[in-house]
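In numbering that gives the first Met the number 0, the protein residues as written are 0 to 340.
Just so you know, even glycine gets a beta-carbon here, dropped at the ideal spot from N, CA and C.
Here's the structure we're looking at; comments come further down.
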Amino acid sequence: MNIQENILIAPYTTFKIGGPARFFCAVATEDGLVEAVRYAKGEGLPFLVIGGGSNLLFSDSGYAGLIIKNEIMGRTFTDDGTLYSVVDAFAGEDWENLVRETVEKDLFGIENLSAIPGKVGASPVQNIGAYGAEVSKVIVSVRVLDTSTMQFVELSQLDCKFSYRDSIFKHEKGHYIVTRVRFRLCKLGELNIEYGALQKYFVEKDMTKPSLKEVRDAVIEIRKSKLPDWTMWGTAGSYFKNPVIEAARFADLRSEYPELPGFVEHDGRVKVSLGYILDKICNAKGLSVGNVSVYEKQALVLVAKPGATATEVLNLANELMRLVKEKTGIVIEGEVEWAVA
Ligand code: EPU
């Protein structure tokens, strides 16, 4: 195990922000992961496992513990003789590579999740979702290191307690480390093109029966037009979660803002589009603090120029939270994890 000291974290995150990690190591095997966690525990250090760093904001003063970069690779496809194929992908695999390969193999289920930055290991943590799809729908189980017992266990889909951008992994921080995700993808699946932006795309192109590959291409194109290129800009995509509010509260807001988009959840509450609130109600596009600004094409996204600091991100985020509270009474929550030790 090669533990390095004082390693700048910024290059390991898509925000490109963060001071030095006191200790840093990359692990390529499950044994390596066990060794790294044992080291941190033995030294009494806080530890944090990262993948692509695409949903994390580190402090400018860095991380006073051990950062473990999960680089455990490998993926297998097993045709189970039914309509489905079982895909096992280790946590360090690139998410987008996996999606591309599943579509090449004509497997349905994660095509709407194309072009999302990050690694496979983060997909259940965040329960990544886009264009009407959520990864939890196709996850069978998740193999994790239970850091309290130091045993590997397989958590079922139910054990993971998935909901919108949420899972057990977010609530029991550091308890479980994801090493592999098992997906079940359909060989003759149905495409899901109900989401507004996708529907509009296919109507405009006059495509009534798009193929699997065409849906993936559409998602990639729509994302390109709405989201910043994270290879150029510092960003973590949506900075906040869309708030889920009571139906009566939504009705009140709708009487004031008739075009406010809302989606009824299974419990009757309504998920409202914070991008719309920030943009059309709070006029947030164009707001900035230092080198960090609200993205001109999607108000839910913050972009950071070179030299940006975590403090600038937090100050801008706080200002947006304040504005949303003032205009709508809604208390919003970050989607990006604030990683501090
Ligand atoms: N809208 C505006 N102005 C804006 C942004 C959005 O009016 O500046 C309106 C749109 O016109 C649309 C609605 O708000 O009617 C929703 O916008 P969009 O379809 O872009 O989706 P979103 O709810 O803002 C979510 C995810 C994204 C995902 C898209 C597409 C969250 C927190 N974000 O954004 O995920 O790509 O849906 O499915 O749920 C991410 O998590 O980092 C991310 C990019």
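Buried or exposed (CB count within 10 angstroms, at least 16 for buried), residue i
i	result
residue 96	exposed
residue 43	exposed
residue 297	buried
residue 241	buried
residue 110	buried
residue 54	buried
Residues that residue i bridges to, as DSSP identifies them
i	result
residue 219	Bridge partners of residue 219: none, in fact.
residue 336	55
residue 207	Answer is none; residue 207 lacks a bridge partner.
residue 180	88 and 141
residue 24	67
residue 49	68
Backbone CA spacing between residue i and residue j [nearest angstrom]
i	j	result
residue 70	residue 25	6 Å
residue 262	residue 168	25 Å
residue 219	residue 114	6 Å
residue 383	residue 231	With the chain running from 0 to 340 in the structure shown, residue 383 is simply not present.
residue 272	residue 237	11 Å
residue 52	residue 259	32 Å
residue 16	residue 37	28 Å
residue 47	residue 155	23 Å
residue 345	residue 214	The requested residue 345 does not occur in the structure, where the chain is confined to residues 0 to 340.
residue 135	residue 1	34 Å
residue 180	residue 139	8 Å
residue 256	residue 161	31 Å
residue 222	residue 199	14 Å
residue 264	residue 22	42 Å
residue 247	residue 176	39 Å
residue 3	residue 116	26 Å
residue 329	residue 30	45 Å
residue 174	residue 151	12 Å
residue 211	residue 72	26 Å
residue 93	residue 244	34 Å
residue 28	residue 35	11 Å
7 Å CB neighbourhood of residue i in its chain, flanking five on each side removed
i	result
residue 284	278, 293, 295 and 298
residue 84	76, 77, 78, 106, 184 and 186
residue 310	59
residue 188	107 and 108
residue 275	259 and 260
residue 280	256, 326 and 327
Same chain, Cβ closer than 6 Å to residue i, neighbours up to 5 away in sequence not counted
i	result
residue 306	290
residue 190	214
residue 227	234, 294 and 302
residue 45	64 and 340
residue 74	88 and 92
Chain-order list of residues whose beta-carbon lies under 8 Å from that of residue i (same chain, five-residue window excluded)
i	result
residue 201	192, 207, 209 and 217
residue 137	108, 109, 182, 183 and 184
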